[in-house]
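Chemist: To start, I am sharing the structure in question, which I have written as structure tokens.
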């Protein structure tokens, strides 16, 4: 914006300018007013000349504004240059009327005085058009800026939501890995000592309990830790997706297909994992699916994720829940998009992300 404004609110003298030059609106307004003012001169034979005279009048003034905006923009940003440009436009516009011979002849008034009166009229009219459009554009710009700030805040909140979600998952995973697994290990050791000091039957019972606790500690807790906070920075994406699928495979036929020609960055890999996690959970819990296919592929510009199930489908538009909100947040964070639809009785969720994004602010997602 090329106006002299020191704050969000205009001072009274700033309403008149300087604004950006608006040649086309000035052309339209001046030509229209000129036509309206000359209606008394309009005849069937002079219609073309009547229109051309008015268009020339508006075109001359608009040309001056266009030239100033195009070639003398720095000059017209100041008050002196701004009003000087409008004054020149008014003088040339009225001069064109003199050459056309369509100035109104006032009885007892010299041509110079008539010329001055018309210049003042055109000058004020152009200033009025500039003022109205300038104020409207400025207010629109303020609304756009406010909207952009709101969108930036939403993006920051989305980032914070994902960070908080991952932080909580890591905290729970650390609790399971350190304290719960340590407690289970200590319980196993105490039971083993008790079994060694007891009779054979008690020892067999205790040994069975120890075996179940060892399985819980070594397999289930570890699986829960990886599910809560998958180490996508070190493990292959296909491996962590297969671990996710293993949770449901006893009851659902799940296939994982990866066709990537590069190793995705940790944040992108984590986003693919979280979206697949939510889609798979929806397929099993809401869709009652018997078979689910998770497909991740890439081309020269994007990474594509597709989760398809043979469940009961859904009525669209579906109700937005926490899972959909999480998917939507991940897509916005990764500058991607997603869509869910039903095709041939199958529910399909697809998401697309750019292979690489512009450098973002430092994130502690996987620190």
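Numbering (the working numbering), first residue to last: 448 to 814.
Glycine included, every Cβ here is placed at the ideal spot set by N, Cα and C.
By how many angstroms is the C-alpha of residue 476 removed from the C-alpha of residue 719?
Modeler: Each residue's alpha carbon lies about 56 Å from the other.
Chemist: Given a cut-off of 8 Å, decide if residue 473 and residue 509 are closer than it, judged by their beta-carbon atoms.
Modeler: Closer than 8 Å, so yes.
Chemist: Please classify residue 706 as buried or exposed, where buried requires at least 16 neighbouring CB atoms within 10 angstroms.
Modeler: Result: exposed.
Chemist: How many Å lie between residue 740 and residue 713 at the Cα?
Modeler: Roughly 23 Å between the two C-alpha positions.
Chemist: Please determine, among 469, 689 and 687, the residue with the shortest C-alpha to C-alpha distance to residue 572.
Modeler: That would be 469, whose Cα lies nearest to the Cα of residue 572.
Chemist: Could you tell me whether the Cβ atoms of residue 502 and residue 478 are closer together than 8 Å?
Modeler: Yes, these two residues count as a Cβ contact at 8 Å.
Chemist: Could you spell out where the alpha helix (DSSP H) holding residue 716 opens and where it closes?
Modeler: Looking at the DSSP string, the run of the alpha helix (DSSP H) that includes residue 716 is 713-732.
Chemist: For residue 774, which residues from the same chain have a beta carbon less than 7 Å from its beta carbon, with the 5 sequence-adjacent residues on both sides left out?
Modeler: Taken in chain order, the residues that qualify are 722, 725 and 785.
Chemist: DSSP beta-bridge partners for residue 815?
Modeler: Given a span of 448 to 814 for the chain in the structure shown, any question on residue 815 remains unanswerable.
Chemist: Between residue 750 and residue 711, is the Cβ-Cβ spacing less than 8 Å?
Modeler: Cβ distance < 8 Å, so residue 750 and residue 711 count as in contact.
Chemist: Reducing DSSP to helix, strand and coil, say where residue 514 ends up.
Modeler: If DSSP states are grouped into helix, strand and coil, residue 514 belongs with the helices.
Chemist: With a threshold of 7 Å, establish whether the CB of residue 787 neighbours any heavy atom of the ligand ZN.
Modeler: Of ligands this structure carries none, so the ligand ZN is not represented either.
Chemist: I'd like the list of long-range same chain contacts for residue 684, defined as Cβ closer than 6 Å, with 5 residues on each side in sequence excluded.
Modeler: Only 716 meet the Cβ criterion.
Chemist: With a cut-off of 8 Å on the beta carbons, I'd call residue 540 and residue 569 a contact; round off their distance for me.
Modeler: The pair is a contact, with the Cβ atoms about 5 Å apart (cut-off 8 Å).
Chemist: Taking only beta-carbon atoms, is residue 601 less than 8 Å away from chain C?
Modeler: Annotation note: the requested chain C is absent from the structure, which comprises a single protein chain.
Chemist: Residue 777 and residue 609 - do their beta-carbons sit closer together than 8 Å?
Modeler: Yes.
Chemist: For residue 457, which residues in the same chain have their Cβ closer than 6 Å to its Cβ, ignoring the five residues on either side in sequence?
Modeler: Closer than 6 Å at Cβ, skipping near neighbours: no residue.
Chemist: Cα-Cα, which of 728, 771, 504 and 782 is closest to residue 756?
Modeler: The residue with the shortest Cα to Cα distance from residue 756 is 728.
Chemist: Could you name the residues that DSSP lists as bridge partners for residue 798?
Modeler: Note: residue 798 sits in a beta bridge opposite 752 and 785.
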